[in-house]
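Heads up: the sequence shown runs through residues 109 to 611, numbered per this note's numbering.
Okay, structure first, notes after.
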Amino acid sequence: MANPSSFFPKKFAFLLLILTALGSGIWLFLNRQESPTDAKFPDRFVLMEEFCQGKLSQVRFLPSQANELLTLANSLEDCTEIELGAGVFNLPNSLSFNQTKGLRVKGKGKNLTTLKFDSKSNGNGLEAESVQSFEVLDLTILDSGKNGLEIRLSQNILIDGVVVRWSNTTGDGMQKNGAYGIYPVNVQNIVLQNSESYFASDAGLYVGQCINALVRYNKAEKNVMGLEIENTINADVYENTLVGNTGGFLAYDLNKNTIVSRNISVHHNRIVGNNFPNFARTGIVKTVPSGVGMVITSTRFVEISENTMGENHTADIGILNGLVSVSSDLSLWPMRNWRTHDIYIHNNQFIGGSGTSVDNGNVGSDRPMGELLSMIQKIRAKLGNGTTMPEILYDGVDSGGTLLLFTTWFGNREGNENGICIETKNEKAPNLLDMNFAALLQNSEEPTEASIEEAIQKKLVKVYSPNSDPPYGGSPERGFSCKGYQFQGFPIALPNVRGRLAI
């Protein structure tokens with residue numbers, strides 16, 4: 109007969125091990141679930157004129173009165189219109205507004221009125237915090253030390269006819285430029301239109317942590333990222349011109365932010381020739397290879413339609429799980445909200461000339477995704493699979509697990525767990541390269557030339573086309589060509605002010 113004193117401890121230890129494993133599994137499962145924001149949407153968009161009901165104080169400044177303008181900003185009353193004359197306002201410090209309701213800052217025109225800042229001050233250009241019914245119109249912001257126009261923790265914001273640019277336009281000097289051109293963050297109700305940004309070292313036009321954003325008729329050129337929508341609920345992004353940046357458009361979520369993106373429409377934009385060298389100092393955009401038209405990562409419920417894309421040397425569209433875009437080091441990976449799913453791509457015009465040279469042939473260790481794509485391109489060419497990259501690149505990380513460890517266990521399962529849906533009616537239909545990250549890694553932290561070549565030879569990494577059966581691959585029940593998520597519109601009416609100005 110067994111000794112009870114030895115039997116029960118062993119049995120207890122085994123049971124404890126099982127319970128610990130089960131508990132860990134439950135914890136991992138729960139923590140990999142998405143945590144959508146229970147957003148409190150504002151009831152309506154109130155412009156400055158309506159808020160003030162015609163009771164406005166007006167003040168005017170000439171460029172020679174720059175110091176007086178800075179002084180007034182510190183003691184401003186609600187419902188004030190600041191009219192700035194033509195010329196250059198030389199401002200040593202940020203032009204700051206705080207807790208003001210019903211305010212308009214208006215120049216004579218974006219090519220006539222310039223706010224020029226001392227880049228050595230390391231401050232923003234024009235900045236506002238906790239303001240309501242605030243408008244910035246018809247002026248240029250030049251050489252801010254940090255962001256050009258920054259608005260935080262505010263409601264009902266109109267930015268119309270604003271240009272942000274920097275004088276450093278070549279070489280290492282561009283790294284000294286401010287990170288963001290136009291930067292509304294934590295704003296409820298934002299209209300950004302008829303505006304431009306040049307040479308921002310992160311994103312030229314940025315909308316982050318916002319609820320209800322209308323972004324239209326803008327131009328971004330020679331920034332690291334042209335236009336970025338981050339952690340934003342309800343965004344309609346259309347008729348923007350995104351050319352000559354490192355990357356044209358980015359939809360992305362910061363993992364631990366309380367606002368989880370959804371309901372985004374990107375349509376009728378021109379996203380062409382974004383091959384500018386990456387000159388970012390820091391941040392995730394520092395890892396973006398040059399030559400990317402559009403990157404969709406760590407986000408959900410996005411409709412991409414009627415855009416014109418081409419001549420982006422790496423690819424027109426990249427669809428990535430947020431974990432892959434951060435690091436292949438499992439210890440660094442957070443858990444929640446990193447899936448990319450329910451992406452509906454349809455009826456875009458692909459004009460060609462893309463995928464010819466990943467990162468313009470200048471891949472480096474600080475851009476690991478560029479290194480990986482370059483390796484894939486070279487090995488595909490070596491094996492006779494073509495010398496150019498397809499228009500759409502997909503990492504193949506499905507919802508089998510949030511940690512890449514789970515993904516390598518489950519592999520790239522047949523079907524379309526993430527709801528990546530592609531439809532087209534154009535003559536030039538896009539091809540999609542499913543990189544199948546699990547197959548590339550082969551349960552290692554980093555892919556190698558050997559693992560990439562093996563995955564391609566086994567057709568675990570392959571190109572799908574509209575002629576595939578089913579179209580673009582996947583299972584017969586649910587291929588990549590499917591009826592996908594469609595933009596639901598806004599819960600409130602956003603103002604149709606001024607329409608389109610000449611850019």
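Every residue gets a Cβ at the ideal spot worked out from N, C-alpha and C, and that includes glycine.
Just the C-alpha distance for phenylalanine 545 and leucine 501, rounded to the nearest angstrom, thanks.
-> 11 Å
Unbroken alpha helix (DSSP H) run spanning methionine 156, endpoints = 156 to 160
Is the beta carbon of isoleucine 267 sitting closer than 8 Å to the one on alanine 236?
-> no
Starting from the Cα of asparagine 420, find the closest Cα among Arg212, Asn468, His376, Glu329 and give me that residue.
-> Asn468
Beta carbon of leucine 335, beta carbon of phenylalanine 307: below 8 Å?
-> no
Beta-carbon proximity check, threonine 77 vs arginine 408, cutoff 8 Å | For the chain, the structure presents residues 109 to 611; residue 77 sits outside this window and is missing.
Expressed to the nearest angstrom, what Euclidean distance is found between the alpha-carbon atoms of aspartate 344 and leucine 491?
-> 42 Å
What are the partner residues of cysteine 590, as DSSP defines its beta bridges?
-> None, per the DSSP bridge assignment.
Quick one: grab the DSSP three-state call for glutamate 525.
-> coil
CB of methionine 333 within 8 Å of CB of alanine 311, strictly | yes
Can you list the alpha helix (DSSP H) stretches of 4 or more residues lying completely in the stretch 438 to 493, in chain order?
-> 476 to 490
Environment of serine 275 [buried if 16+ CB atoms lie within 10 Å] | exposed
Mind checking whether leucine 548 and alanine 563 have CB atoms under 8 Å apart?
-> yes
Contact set for lysine 330: own chain, Cβ-Cβ below 6 Å, skip 5 residues either direction | Tyr306, Phe307, Gly352, Phe384
Do leucine 211 and alanine 174 have their C-beta atoms within less than 8 Å of each other?
-> no
When the Cα of glutamine 296 is compared with those of Ala601, Ile560, Asn219, which residue comes out closest?
-> Ala601
Pick out whichever of Gln301, Ile412, Gly281 has its Cα sitting closest to the Cα of valine 244.
-> Gln301
Paired residues, beta bridge with glutamate 189 - DSSP | Gln166, Arg212
Count the other C-beta atoms from every protein chain shown that fall within 10 angstroms of the C-beta of glutamate 176, then say buried if there are 16 or more, exposed otherwise.
-> exposed
Since serine 559 is in the alpha helix (DSSP H), which residue starts that stretch and which ends it?
-> 557 to 565
Threonine 340 and glycine 316 closer than 8 Å at C-beta = yes
Go ahead and label serine 227 buried or exposed: buried means 16 or more other beta carbons lie within 10 angstroms of its beta carbon, across all protein chains shown.
-> buried
Just mark glycine 472 as buried or exposed, buried being the case when its beta carbon has 16 or more other beta carbons within 10 Å.
-> exposed
Where does the unbroken beta strand (DSSP E) through threonine 422 begin, and where does it stop?
-> First-last for threonine 422: undefined, no H or E at that position.
Cβ contact (3+ pairs, closer than 8 Å) linking the stretch 176 to 187 and the stretch 200 to 207 = yes
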